[in-house]
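Beneath this line is the structure, given in structure tokens, with notes to follow.
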Amino acid sequence: LSAAAVAAAATMAARRVLQLGDPVLREMCRAVRQPSDSAVGAVAADLHAALAAKPGWGLAAPQIGEAQRMFLIATPRVMLPQQLPTFGERIAPRDIPDGKALHYTAVINPKITQVSEEMEADYETCLSVPGVAALVPRHEWIEAEFRTLDNRLHMVRLEDHPARVFQHEYDHLEGIMMLDRILDTGDIFMEEELHRQVAELSANPGAMDPSESPSSLQYVFSLYL
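Last residue of the sequence shown: 238 (the working numbering), numbering continuous.
Put into structure tokens, the structure is as follows:
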């Protein structure tokens, strides 16, 4: 789609993000037959419009009612001859001080081809489970391949936060929600309460885990275009 078409789509009412309990979120999504088809571009535009209305690190097609194997993710910096193609305008995150506006990349028919043995747990949120945060274990790094809207094949190695985001969105294509991955129900928080506890730790830097510091958040944003 042209930039004008993307902009026009963004001005339309964003499609509703499905909420936990909707049966579409539990479907095994079907493969996209032709990534460069205009209908696939239209789904990508709808995902982008939904993210513009409710910013996040990514959004999968089933979350807007399309059981297809595709999602948008914040464009990670990767070690390739060329950076991954981006789609649509940058979107600025809300409620994040100094958070930079993010580019997004359309990921189509992804496959995770290799994963680390090492796992790392961190808090995640999901637009389909609003207001909830959960401590979710993920592989520290992954290797994956996928196509973009120009039908080009990309093979990437992702680490740290981008690897977590990719795994989260990939799960949606398998009908898996983040709450399915938790190890203990005590690892579920209301997002507001988690922010309150982090704010209290911020007021007492000596008691704060370095991974929760503002500099850590700045590091996360540095991993993306």
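Cβ coordinates follow ideal geometry from the N, Cα and C atoms, glycine included.
Is it true that the region 186-196 meets the region 144-152, where meeting means three or more beta-carbon pairs spaced less than 8 Å apart?
Judged by Cβ distances under 8 Å, the region 186-196 makes contact with the region 144-152, as three or more pairs qualify.
Hey, would you say A176 sits closer than 8 Å to T126, going by beta carbons?
Residue mapping note: residue 176 aligns to position 163 of the sequence shown, counting from 1. Residue mapping note: residue 126 aligns to position 113 of the sequence shown, counting from 1. The answer is no: Cβ separation not under 8 Å.
Would a C-beta distance cut-off of 8 Å place Y117 and T88 closer than the cut-off?
In the sequence shown, counting from the first residue as 1, residue 117 sits at position 104. In the sequence shown, counting from the first residue as 1, residue 88 sits at position 75. Yes. Within cutoff.
Hey, out of A216, S141 and H174, whose CA is closest to G78's CA?
The residue given as residue 78 occupies position 65 in the sequence shown. The shortest C-alpha separation from G78 is found at S141.
By alpha-carbon positions, which one of R43, Q210 and K67 ends up nearest to P75?
Position 62 of the sequence shown, counted from the first residue, corresponds to residue 75. Ranking R43, Q210 and K67 by Cα distance to P75 puts R43 first.
What number of angstroms, rounded off, separates the C-alpha of L166 from the C-alpha of A80?
Taking the sequence shown and counting its residues from 1, the one referred to as residue 166 is at position 153. Taking the sequence shown and counting its residues from 1, the one referred to as residue 80 is at position 67. Going by the C-alpha atoms only, they are around 21 Å apart.
Considering Cα atoms alone, identify which of L186, D50, E133 and V233 is closest to N122.
Stepping through the sequence shown from its first residue, residue 122 is reached at position 109. Closest option to N122, Cα to Cα, is L186.
Which same chain residues, not among the five before or five after I39, have their C-beta less than 7 Å away from its C-beta?
Looking up residue 39 in the sequence shown gives position 26. It should be noted that the sequence gives Arg, not Ile, for residue 39. Same-chain partners within the cutoff: G188.
Which residues share a DSSP beta bridge with P89?
Translated into positions along the sequence shown, residue 89 becomes position 76. According to DSSP, P89 bridges with Y237.
Based on Cα-Cα distance, which residue from A73, A58, M83 and T198 lies nearest to P48?
Position 35 of the sequence shown, counted from the first residue, corresponds to residue 48. That would be M83, whose Cα lies nearest to the Cα of P48.
Closest to E182 by C-alpha separation, out of E204, Q32, A73 and V56, would be which residue?
Here residue 182 refers to the residue found at position 169 when the sequence shown is read from its first residue. With distances taken between Cα atoms, E182 lies closest to A73.
Who does E158 pair with in a DSSP beta bridge?
Looking up residue 158 in the sequence shown gives position 145. Bridge partners of E158: K124 and M168.
Select from L236, D184, P68 and R29 the residue whose C-alpha is nearest the C-alpha of M41.
Stepping through the sequence shown from its first residue, residue 41 is reached at position 28. Among L236, D184, P68 and R29, the Cα nearest to that of M41 belongs to D184.
Report the option in A114, V30 and F202 whose CA atom is closest to the CA atom of G144.
Here residue 144 corresponds to residue number 131 of the sequence shown, with the count starting at 1. It is F202.
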